[in-house]
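Student: Taken in order, these protein sequences are the chains called A and B.
Using the numbering used here, read the first sequence as starting at 394 and increasing by one per residue.
Using the numbering used here, read the second sequence as starting at 569 and increasing by one per residue.
Backbone N, C-alpha and C fix where the C-beta goes; we use that ideal spot for every residue, glycine too.
Could you have a look at this structure, given as C-alpha cells, before my questions?
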Amino acid sequence: MNFSHQRTISESLREYGRGIAGGLMFSLPLLYTMEVWWAGFALHPARVLLYVACTYVLLVLYNRFAGLRRDASLREVFIDSVEEMGLGLVIAAVVLWATGRLGAGMSTAEIAGKVVMEGMTVAIGVSVGTAQLGGEDLDDGGMDGDDRWSSGYLPQTAIALCGAVLFVANVAPTEEIEVIAMESPPAMLLLLAAGSVLLGALVLHFAGVHGADRHVHRDTWVLGLRGIATTYAVALVAAAACLHFFGQLDGKTGPIILAQCVVAGVPAVLGASAGRLLLQIRAPGS
Amino acid sequence: MNEESKEKPPGGKNALEWAVFGASLLIVLGVAGVLAMEAFRWQNTPAHLKVELGTPERKDADWCVPVKVSNEGEGLASNVEIEVSDGEEKAGLTLDFVPRGTVMEAKVCFPGSVDPAGLKGRVLGYEEP
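Next up, the structure:
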C-alpha cells in the first residue's frame with residue numbers, strides 16, 4: 394500500500410488534537426441548534442444515510458485537493474476520511490450527551506439520526522482543522538508528479554464546494570432561512586442574488602484575500618467570469634443540498650424553494666469564495 | 569522537506585492511527601447499518617401515540633402523576649397535547665416532539681387530592697410536521 398511517511402505517536406496525537414479542535418470550532422453553532430437535533434429524528438433514515446455518503450465524498454475531495462498530506466495516496470485519503478468521519482461522530486455524540494440531548498427512552502434510530510446529523514459537519518471540521526490548524530508539519534514529501542495542489546479548475550471547484558457546505562450548513566437548518574425567503578419580495582431576492590455574485594467577485598478578485606493570487610484564475614476576463622459564475626453556482630448547489638438534507642425544502646413550492654436557495658446562497662457564496670481560500674491556506678508556497 | 573522528515577521511515581500508519589481507523593470504521597459502518605436497517609423497515613404510517621399513567625406522588629400541596637407518552641407509529645408527532653383527568657379535575661401538558669419508537673416522560677400535577685382509580689390520560693391532538 395502506498396502511504397505517506399510514517400508519523401510518530403506524538404505526531405499523530407497532535408494531528409488528532411488539531412482535528413478535534415477544528416471539528417468543534419467549525420460545527421459548534423450546529424451542535425447548539427435545535428433544528429439539527431430535530432432533523433435527526435424527523436427525516437427518513439434513507440436521507441440521513443445519503444447525507445453520510447455525500448459527506449464522505451466531500452471529505453475525500455477535501456483531503457485529496459487541500460488536505461494535510463501531500464504524499465498521501467488515494468487509498469490513504471479514503472482511510473483518513475473514514476477516520477475523520479469516525480472522530481466527527483464520536484465528538485458529536487459526546488457533545489450531545491454532555492448537553493443532555495441523548496438519553497434513556499430514545500430509540501436507536503433517534504440517537505443515530507441526531508449523532509449523524511451533527512457528526513457530519515463535525516467531520517468536515519476535523520478534516521479542515523487537521524490540515525489547517527497545524528504550525529510545523531509541512532514536511533510531507535508529495536507524490537511524484539502529483540499536482541493536486543495546483544489551482545486546476547475542478548480541484549478549486551471541489552474545495553469551493555467544501556467551503557460552501559461548511560458555511561451554509563450552519564444556517565441551513567434554521568427556520569430563519571424559510572422566514573426570510575417567504576417574506577422577501579422578488580425584487581429583494583434578486584438583489585440578494587446580485588449581491589451574492591458581487592460578494593464572490595469582490596472576495597476572489599478585489600479584496601486581496603490570502604491565496605487568491607495562487608488559486609484564482611484571472612489571466613483573461615473570460616476565466617475571471619467563469620470563476621465568479623462557478624462560485625455562485627457551487628454556492629447555490631451547496632445551499633440546496635444542505636436545505637434538502639435538513640428537511641427545509643420538504644413540502645415547499647418551487648418559488649419558495651428557489652427563494653430559500655437564494656437566501657442561503659449568501660453565506661454559501663462566502664464559503665465558496667473566502668472559505669475556499671481559507672481552506673487551503675497551507676497549500677505549497679504559503 | 570527538512571532533515572528530520574527525510575529520516576522518517578517511508579510507508580505505513582502507526583499503531584495508534586490503525587487503531588483509530590479500525591474504531592472509526594466500526595462506528596461508521598455501525599451507524600450506516602442502523603440507518604440502512606431503519607430505512608428498510610420504514611413504513612409510511614402515521615404517529616401512533618399511547619399514554620400511560622403512573623402512581624400519583626405527593627409533592628408539597630400537589631399530587632403529581634407520572635405520564636409516559638410513546639409513539640409506536642413511524643411518523644413524527646409534534647406539539648403533542650396530553651390531558652389527564654381524575655373525573656373531576658383536569659391537568660395537561662404539551663410535548664414538543666414524540667419521535668417514532670420513543671418514550672417521553674413527564675408529570676402533570678393536580679392541586680389538592682386526586683383519585684388514583686379514576687385517572688385517565690389521553691392525547692388531545694398533535695401536529696404531523
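Looking at B/E640: is its Cβ nearer than 7 Å to the Cβ of B/Q611?
Tutor: In this structure, B/Q611 does not lie closer than 7 Å to B/E640 by Cβ.
Student: Consider the Cβ of B/V599: report whether some Cβ of chain A lies at a distance smaller than 7 Å.
Tutor: Yes - at least one Cβ of chain A is within 7 Å of the one on B/V599.
Student: List the DSSP bridge partners of A/S405.
Tutor: Answer is none; A/S405 lacks a bridge partner.
Student: My guess is that A/Y444 and A/F638 are in contact by the Cβ rule of under 8 Å, so how many angstroms apart are they, rounded?
Tutor: Yes, they are in contact, since the Cβ atoms of A/Y444 and A/F638 sit about 5 Å apart, within 8 Å.
Student: Using 10 angstroms around the beta-carbon of A/V615, count the other beta-carbons present and answer buried if the total reaches 16, otherwise exposed.
Tutor: It counts as exposed.
Student: Specify whether the stretch 417-424 of chain A and the stretch 591-609 of chain B touch according to this definition: at least 3 beta carbon pairs, one from each stretch, less than 8 Å apart.
Tutor: Too few Cβ pairs lie closer than 8 Å, so no.
Student: Using a beta-carbon distance cut-off of less than 8 Å, what residues from the stretch 496-509 of chain A approach chain B?
Tutor: Residues G498, M499, S500, T501, A502, E503, A505, G506, V508 and V509.
Student: When the Cα of A/W431 is compared with those of A/T401, A/F458 and A/R494, which residue comes out closest?
Tutor: Closest option to A/W431, Cα to Cα, is A/R494.
Student: Between the C-alpha atoms of A/D473 and A/L618, what's the straight-line distance to the nearest angstrom?
Tutor: Distance between the alpha carbons of A/D473 and A/L618: 35 Å.
Student: Exposed or buried, B/F608, counting other C-beta atoms within 10 Å across all chains shown (16 or more means buried)?
Tutor: Per the 10 Å Cβ criterion, exposed.
Student: Under the three-state reduction of DSSP, which class applies to A/E571: helix, strand or coil?
Tutor: Three-state DSSP puts A/E571 in a helix.
Student: Should A/P566 be flagged as near chain B, meaning a C-beta pair shorter than 7 Å?
Tutor: Judged by the 7 Å Cβ criterion, A/P566 is not in contact with chain B.
Student: Closest by CA to A/E477, which one among A/V450, A/A587 and A/I517?
Tutor: With distances taken between Cα atoms, A/E477 lies closest to A/I517.
Student: What does the Cβ neighbour count give for B/N570, buried or exposed, with the cut at 16 atoms within 10 Å?
Tutor: Because B/N570 sits at a pLDDT of 44, beneath the cut-off of 50, its placement in the model cannot be relied upon, and the following sentence gives the value as read from the coordinates. Exposed, because fewer than 16 other Cβ atoms sit within 10 Å of the Cβ of B/N570.
Student: Interface residues of chain A around B/S592 at Cβ under 7 Å?
Tutor: Residues of chain A passing the Cβ test: V475, E476, M478, G479 and L480.
Student: Mind checking if A/A439 is an interface residue toward chain B, Cβ cutoff 7 Å exclusive?
Tutor: Output row for A/A439: interface = yes.
Student: State the DSSP-derived secondary structure class of B/P624, mapped to helix, strand or coil.
Tutor: DSSP places B/P624 in coil when its eight states are reduced to three.
Student: Cβ of A/S520 less than 7 Å from any chain B Cβ?
Tutor: False, the Cβ-Cβ gap to chain B never drops below 7 Å.
Student: Report the three-state DSSP secondary structure of A/M499 (helix, strand or coil).
Tutor: Here A/M499 sits in coil by DSSP.
Student: Grab the span of the alpha helix (DSSP H) containing A/V662 for me, first residue to last.
Tutor: That run of the alpha helix (DSSP H) goes G647 to L663.
Student: Report the residue ranges of all beta strand (DSSP E) runs contained in full by the stretch 635-672 of chain B; include only those spanning at least 3 residues, in chain order.
Tutor: Qualifying beta strand (DSSP E) stretches, in chain order: 645-653 and 658-666.
Student: Taking 6 Å as the cut-off, is the beta-carbon of A/A661 closer than that to any non-hydrogen atom of the ligand SAH?
Tutor: Judged by which ligands are present, the structure shown has none, so any question about the ligand SAH falls away.
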